[in-house]
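Q:
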Amino acid sequence: MNRTTKFILIGALILVGLGAFLLLNQKPQESAGSGEPSVSLPVFPTPKEITIRNVTKDVVTYSLAPLGSKAKPIEKKLAAGAIDRVPTAQTMVVTYKKYGQDVTYSLNPGTPYSFRSDSSGQLDIWVGSHGQEDAEDLAPFVPTPQTVVAKMLEMAQADKDDIIYDIGCGDGRIVIFAAQQYGAHGVGIDIDPERIKESKANAKKAGVEKLAKFRLGDATKTDISAATIVTVYLLPESNELLRPKFERELKPGTFVVSHNYIVPGWEAKEVDSATVKDEEGTEHSVYLYKR
Ligand SMILES: C[S@@+](CC[C@H](N)C(=O)[O-])C[C@H]1O[C@@H](n2cnc3c(N)ncnc32)[C@H](O)[C@@H]1O
124 MNRTTKFILI GALILVGLGA FLLLNQKPQE SAGSGEPSVS LPVFPTPKEI TIRNVTKDVV
184 TYSLAPLGSK AKPIEKKLAA GAIDRVPTAQ TMVVTYKKYG QDVTYSLNPG TPYSFRSDSS
244 GQLDIWVGSH GQEDAEDLAP FVPTPQTVVA KMLEMAQADK DDIIYDIGCG DGRIVIFAAQ
304 QYGAHGVGID IDPERIKESK ANAKKAGVEK LAKFRLGDAT KTDISAATIV TVYLLPESNE
364 LLRPKFEREL KPGTFVVSHN YIVPGWEAKE VDSATVKDEE GTEHSVYLYK R
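Quick note: the sequence shown, position 137, residue 260 per our numbering, numbers continuous.
This is the structure:
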């Protein structure tokens, strides 16, 4: 080995040693705040449950498939009153028959739905209010416009001696308005804890929390016998379901006032009806019954 080769070899050994030293003493890259080395893991969306309730009186046949999937949809049958629970992180497509034709509808994870019969007896799927097995789904949350609230209470001749029960109270607007406008006591019942929280906050904001009270629970199992006026904005089949409860619990002379839908089977008890326009000019019906 001549001097030049020896020199190159020693130089190469020094460089390799230096590289190894630098590599071994390199600080690991830190992830923000945690002090742990950053590791990127695949992110999977958390599955959320879709519930599909059968509120019709018959078995419902339908199929389900993830949106955009080429896989064969799963065929299903759901007994009257039953609930199908589908844990999924994906939008699902439900297919069912209406007027003999396939109809499809997209279902979002984390949302309750209900199969209901429409006014012509055809199967339809609607957003529901909850997926609890032990409670009825009376209607999804849709607030009554303020002009209609005012008309409902005027027709029921509300005054300070009244006790108003709103079955499925939503954001509490009916009992809050009754307290503000007439000084009446009221109880709003809703199955959705978010709605009850919102109602209580709205009552506080309006300064009527002493008059307007709110209860979380299934209204079909809540005692309403103290009411002098009952207000409902529920689907017709829910009004029908509640009718025996009204007959059992309400004192004779109690007013039941319903937004948009009749109380089936109470035709003889209807004492008044009206059409009211909301702030956008849409017409709403109000039906007044006397128990
Ligand atoms: C159409 S909204 C009416 C809200 C309010 N009454 C109004 O007119 O503005 C129906 C409400 O009923 C509630 N609901 C549905 N099923 C219920 C049940 N079994 N018990 C109590 N509330 C229920 C829903 O959460 C929803 O807030």
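Glycine included, C-beta positions come from ideal geometry on N, C-alpha and C. None of these values were measured; they are calculated from a predicted model.
Quick one: what's got a C-beta closer than 8 Å to residue 231's C-beta in the same chain, skipping five residues either side?
A: 173 and 214
Q: How would you call residue 387, buried or exposed, if buried means at least 16 neighbouring beta carbons within 10 angstroms?
A: exposed
Q: May I ask you to report which of helix, strand or coil DSSP gives residue 335?
A: DSSP places residue 335 in the strand class (E or B) of the three-state scheme.
Q: Do residue 313 and residue 293 have their C-beta atoms closer together than 8 Å?
A: yes
Q: Is the closest heavy atom of ligand 1 to the C-beta of residue 265 under 7 Å?
A: Yes, ligand 1 has a heavy atom inside 7 Å of this Cβ.
Q: With a Cβ-Cβ cutoff of 8 Å, do residue 227 and residue 209 count as a contact?
A: no
Q: Would you kindly report the start and end of the unbroken alpha helix (DSSP H) that includes residue 364?
A: 359-372
Q: So residue 200 and residue 186 are supposed to be a Cβ contact under 8 Å. How far apart are they, rounded?
A: The beta-carbon separation of residue 200 and residue 186, rounded to 10 Å, does not stay under the 8 Å limit for a contact.
Q: Run through the segment 183-241 for me and flag every whole beta strand (DSSP E) of 3 or more residues, listed as ranges in chain order.
A: 183-189, 197-201, 206-211, 215-221, 224-230 and 235-240
Q: Going straight from the alpha carbon of residue 152 to that of residue 190, what length do you get?
A: Only weak support exists for where residue 152 lies, its pLDDT of 41 falling under 50; the coordinates are left without a value.
Q: Apply the 10 Å Cβ neighbour rule to residue 394 and answer buried if 16 or more other Cβ atoms are within range, or exposed otherwise.
A: Burial call: exposed.
Q: Flag this pair as yes or no: are the beta carbons of residue 202 and residue 182 separated by less than 8 Å?
A: yes
Q: Under a Cβ-count criterion, where at least 16 other Cβ atoms within 10 Å of its own Cβ denotes burial, should residue 317 be classed as buried or exposed?
A: exposed
Q: CB of residue 357 to nearest heavy atom of ligand 1: below 7 Å?
A: yes
Q: Residue range of the beta strand (DSSP E) that residue 175 falls in?
A: 171-177
Q: Measuring straight from C-alpha to C-alpha, what distance separates residue 322 and residue 337?
A: 7 Å
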